[in-house]
Amino acid sequence: MPDGTAVDLYTLSDGVVEASVTAFGARLTSVKAPDRDGVLGEVVLGHDALAGYLEDRKTFMGAIVGRFGNRLAHGRFSIDGEEFQVPLNDGENALHGGPEGFDRKVWVAEETSDTVSFTLVSPDGEMGFPGTLTLAVKYSLSGGALRLDYSATTDKATVVNVTNHAYFNLAGSDTILGHELLIPTERFTPVGESLIPTGELAPVAGTAFDFTRGTVIGERIDADDVQLKRARGYDHNWAFGDKGTLKLTARLTDKSSGRVMTVETTEPGMQFYAGNFLDGSVSTRDGSGFVTLRSGLCLETQGYPDAPNQPGFPSVALRADELLQSTTIFTFSTEA
């Protein structure tokens with residue numbers, strides 16, 4: 114780091130899949146998974162060195178984002194009758210915890226023989242959020258399943274919505290438009306012009322947002338739909354509602370390589386972001402231009418965007434006598 118702080122890189126392996134994580138942003142920097150022929154390939158966007166992540170303030174590549182991932186309308190929220198303000202960093206809104214969120218922090222790392230855990234203490238008032246929050250994220254890898262276990266406590270009522278912001282491309286190159294995606298739920302949260310949810314839980318049936326059957330992403334991403342136009346493509350939350358129970362939220366397939374990734378989570382929502390704002394301005398590993406438009410996609414398990422300001426959404430409040438626990442699993446496999 115610029116102040117001399119060392120930042121380590123750790124690699125987990127189960128003998129088939131390899132995943133690398135680093136203390137800067139507790140982020141996932143690499144996943145190497147075999148194709149149908151057993152050839153190992155990179156399936157996550159990232160940088161070769163720490164300098165790339167320090168310079169990149171646009172993409173949040175691979176990071177744990179928070180204290181409130183996704184968008185907060187006008188950066189404001191109330192809890193227990195008291196209003197708080199987060200610095201704006203996304204037009205008129207706050208995104209991923211503000212301009213100095215968890216993605217910009219060096220977390221404390223602890224390794225065991227088969228896990229790496231990162232812990233961060235976010236003090237009361239940091240980025241406007243109340244309460245001293247202690248957050249831990251444990252990465253483990255077994256049987257092709259990369260598991261993230263989150264836990265958090267606070268000494269004062271606050272809001273917490275943390276997720277991993279990895280960009281996946283199972284082909285390892287080109288765009289994700291040819292990937293087939295399944296999202297097994299019938300509702301999503303439409304957004305207004307500034308990409309803040311309207312509060313509605315809208316049906317996906319009959320729309321470009323229906324992925325209840327596996328559908329090629331590129332088939333409808335540029336359809337004549339006001340929701341797609343506002344976000345330049347998919348950048349929306351799919352609503353599962355069930356909080357605390359592990360369930361399938363996505364199945365992603367690349368027919369060219371045979372690679373398959375499933376996503377399971379205990380969170381009530383998942384943001385599918387198709388990389389619509391990647392513009393080639395951020396260089397990445399080996400300078401291959403891997404971060405051009407739609408060259409990677411995010412499947413961010415989460416509470417709903419702007420949840421503190423939407424009474425109909427599942428609560429993201431955390432109080433001093435509570436323990437937040439959450440799990441997300443990305444499992445890599447192949448098909449013929």
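Using the working numbering, you'd call the opening residue of the sequence shown number 114 and step up by one each time.
Backbone N, C-alpha and C define an ideal beta-carbon position, used for all residues, glycine too.
- If you draw a straight line from the Cα of A315 to the Cα of L283, it comes to about 29 Å.
- Cβ-Cβ distances below 8 Å link L122 to S133, V134, T135, T142 in the same chain, with the five nearest sequence neighbours on each side left out; the list follows chain order.
- For R364, there is no enclosing alpha helix (DSSP H); the residue is part of the beta strand (DSSP E) that begins and ends at 360-367.
- A Cβ-Cβ contact shorter than 8 Å links T379 with K356.
- For L437, the closest alpha carbon among the candidates N274, P243, T225, E224 is that of N274.
- In the three-state reduction of the DSSP assignment, E332 falls in the helix class, which pools H, G and I.
- DSSP, reduced to helix, strand and coil, places H349 within a strand of the structure shown.
- In the three-state reduction of the DSSP assignment, G188 falls in the helix class.
- If you look at A146, you'll find it in the beta strand (DSSP E) that goes 140-147.
- Sorting G128, R184, F322, S439 by C-alpha distance to the C-alpha of L295 places F322 at the top.
- G165 sits in a helix when the DSSP states are folded into three classes.
- Collapsing the DSSP output to three states places K342 in a helix.
- The residue from N202, G238, T228 with its alpha-carbon nearest to that of E131 is T228.
- For the pair G388 and I334, the Cα-to-Cα distance works out to about 11 Å.
- Between E377 and T358 the beta-carbon gap is near 10 Å, outside 8 Å, which marks them as no contact.
- Nearest in C-alpha terms to F173, of all of F390, P424, N350, is F390.
- Under the criterion of beta carbons closer than 8 Å, G327 and T447 do not qualify as touching, at roughly 16 Å.
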